[in-house]
Ligand code: ADP
């Protein structure tokens, strides 16, 4: 277990024709002992670069990286006591499951023959160490439900099993910090959900410090003790998943966290009302006139009778029935809006129906103008 601290960390790549790419821009982040920290954001936001700098696979352009309070900017990757699990598993195809798991332990000793001895049980000069490796592989494979597969080769495993072997290899070494880069993205949807539950349980058992990168906000929310939302190389919010959802720090986070995404409309507030395209709705706060964006989550939208007080006139564009709930796309003077309602409340709704859309002022989020406009 360890803490990981980034202070004003930048990464600048020399891009094509001399242009610079600022992939990571002034990142401040303090990860506590045993915390499951997830870096999430769209492709290109700088999350993998951040992870690779922590791993020591990428040089840090500016700023300070500390592990357990010691500056490690210039420490080689192999000396950082970190385990890295990649998207593509990176298992050795010519080694069995047991040998793959033992590999991290064995590289410390460097002799493949001793590894073979460990797994076959043969006595050797370093018998004690060999026995220790064997015990460790047995423990790890039991933890991950791989104990019946130890003699198989990677090609004889399913995607989920391969991923578990990759995790097994990482935990066998008992490193200070685990780094995961999109480890579930090669798995099908069901296996991804199962494996993420396993990872969460494994984290609880190991109590390890984990830094985990994903572009999938749902995966991020289910795994994270701490969610770090990134965009354009900068941290947009660093909080619990619930806080990012309930109180998004800015418009970018509001639109990125939550499925389906929040409805966000540009307009103006004045004297307790928001106005866009000539249609006004109360926002519950008296405010001096200013441009801003209003956000309401789809499940906070209600369908009401056309022309009801404090409602927006809309036409039903599409109805998606998802079993217990129904998603209704609406065309309105505020543009396309999405309402997610209980299936029972939408039983009679049909495409082209004229309806009213309403929401409570308590569920309104307001943001300053611009892509990353701050929460007001
Ligand atoms: P993410 O993991 O969020 O998808 P990355 O950290 O991989 O994003 O990349 C962040 C930015 O840095 C992107 O604009 C990407 O094109 C750029 N980048 C990444 N690696 C390199 C590299 N080796 N050379 C130049 N630019 C890079």
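In my numbering, the protein residues as written are 3 to 378. C-beta: ideal position from N, C-alpha, C; glycine also.
- The beta-carbon distance between residue 30 and residue 235, rounded to whole angstroms, is 13 Å. This is too long to meet the 8 Å contact definition.
- These are the residues, in chain order, with a beta carbon less than 5 Å from any non-hydrogen atom of the ligand ADP: 15, 23, 25, 45, 46, 47, 48, 49, 50 and 51.
- Membership of residue 238 in the beta strand (DSSP E) is indicated by the continuous run 236 to 241.
- Within the stretch 127 to 152, no run of beta strand (DSSP E) at least 3 residues long lies entirely inside it.
- Inclusion of residue 171 and residue 106 in the CB contact set at 9 Å is warranted, their separation being smaller than that value.
- Here the stretch 236 to 250 makes no contact with the stretch 62 to 73; the two share fewer than three CB pairs at distances below 8 Å.
- Per DSSP, residue 223 is one residue of the alpha helix (DSSP H) stretching across 219 to 225.
- About 6 Å separates the beta carbon of residue 330 from that of residue 348, a gap short enough to meet the 8 Å contact definition.
- Across the set 99, 132 and 197, the C-alpha of 197 shows the shortest separation from the C-alpha of residue 187.
- For residue 80, no alpha helix (DSSP H) segment is defined, and its DSSP state is neither H nor E.
- Within its own chain, the residues whose Cβ lies closer than 8 Å to the Cβ of residue 262, once the five positions on either side in sequence are excluded, are 300, 329, 340 and 342, listed in chain order.
- In this structure residue 311 is exposed. Its beta-carbon is surrounded by fewer than 16 other beta-carbon atoms within 10 angstroms.
- When only Cα atoms are considered, residue 221 and residue 101 end up about 30 Å apart.
- In its chain, beyond the 5 residues on either side, 281, 283, 334, 335, 336, 339, 358, 359 and 360 have a beta carbon closer than 8 Å to the beta carbon of residue 314.
- Collapsing the DSSP output to three states places residue 178 in coil.
- Annotation: the continuous alpha helix (DSSP H) that includes residue 207 extends over 191 to 208.
- Relative to residue 353, the option among 147, 317, 185 and 5 whose CA is nearest is 317.
- Considering only 373, 325, 320 and 327, the residue with the shortest C-alpha distance to residue 355 is 320.
- Residue 297 is positioned such that its CB atom lies closer than 9 Å to that of residue 267.
- Here the alpha carbons of residue 57 and residue 306 stand approximately 54 Å from one another.
- Here the alpha carbon of residue 215 sits roughly 28 Å from the alpha carbon of residue 370.
- DSSP places residue 188 outside both helix and strand once states are collapsed to three, so it counts as coil.
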